[in-house]
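Read through the structure below, which is laid out as structure tokens, and then see the notes.
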Amino acid sequence: MGWSIGYDSTWQRDIGYGVPATCDHHGCGARIDRGLSFVCGGEPYGGEHGCGLYFCDKHLFMHARRPQLCERCSNRKKPFTPTPDVYTWVHHKHTHPSWQEWRDEQEKVERALMGEDAEPMDELVEAQRAEAEAGEGVGTKKGEAIA
Ligand SMILES: [Zn+2]
Ligand SMILES: [Zn+2]
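For the sequence shown, position 86 matches number 74 in the working numbering, and the numbering has no gaps at all.
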């Protein structure tokens, strides 16, 4: 096994080829995963030149002296606003046994923040499911509104 799932503390999200995702290019909506072949900068977290966001092959550009980069980093501009995690991934985290420890942690944090009765993660999952069902390619705009 290689680098299937990790955590990017810069963008605060799960990364690795085990994580299904949407291209971070504004308005794209292509399905990718957060493996090394899709990362801006060619290494986890983006290395020296990249932003560390994840893009489909249409939105990663090759350079002579720099690694694969997104449009923004190719032009040395500010990175894109990341797209939200896809519903299938959020669902996986909330149901799969391998994420039990994470869920326990989340619950502790939520209870501390929201009080005993709150179940905000369920609402989040509901909202993402509705978004996923609303269709492909709409996630980026809504994601920016959330961020
Ligand atoms: Zn970039
Ligand atoms: Zn794309």
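Just so it is clear, CB atoms sit at the ideal spot from N, CA and C, and this is done for glycine as well.
Under 9 Å, do residue i and residue j count as touching if we go by C-beta distance?
{"i": "His37", "j": "Arg22", "result": "no"}
{"i": "Thr71", "j": "Pro8", "result": "no"}
{"i": "Ser25", "j": "Tyr(-5)", "result": "no"}
{"i": "Val113", "j": "His84", "result": "no"}
{"i": "Thr(-2)", "j": "Gly35", "result": "no"}
{"i": "Cys16", "j": "Phe43", "result": "yes"}
Along the chain, where does the beta strand (DSSP E) containing residue i start, and where does it finish?
{"i": "Arg53", "result": "Unbroken run through Arg53: none, as it is neither H nor E."}
{"i": "Tyr42", "result": "Careful: Tyr42 lies outside any beta strand (DSSP E) and carries neither H nor E."}
Taking the alpha carbon of residue i as the reference point, which residue from the options has its own alpha carbon closest?
{"i": "Gln0", "options": "Ala115, Leu41, Cys16", "result": "Leu41"}
{"i": "Asp45", "options": "Cys39, Ala18, Cys61, Met102", "result": "Ala18"}
{"i": "Arg60", "options": "Ala115, Gln94, Glu95, His13", "result": "His13"}
{"i": "Asp2", "options": "Lys81, Ala52, Thr69", "result": "Lys81"}
{"i": "Thr69", "options": "His51, Glu93, Gln94, Cys39", "result": "Cys39"}
{"i": "Thr10", "options": "Val74, Leu48, Ala52, His47", "result": "Val74"}
Considering residue i, what are the terminal residues of the alpha helix (DSSP H) in which it resides?
{"i": "Val7", "result": "Where Val7 is concerned, there is no enclosing alpha helix (DSSP H), although the beta strand (DSSP E) it sits in stretches over 1 to 10."}
{"i": "Asp92", "result": "88 to 102"}
{"i": "Tyr75", "result": "75 to 83"}
Review point. Are at least three pairs of beta-carbons, each pair with one atom in the region 52 to 68 and one in the region 22 to 35, less than 8 Å apart?
Key: yes
Review point. Given 8 Å as the limit, is there contact between the region 87 to 105 and the region 63 to 70, that is, 3 or more CB pairs closer than that?
Key: no
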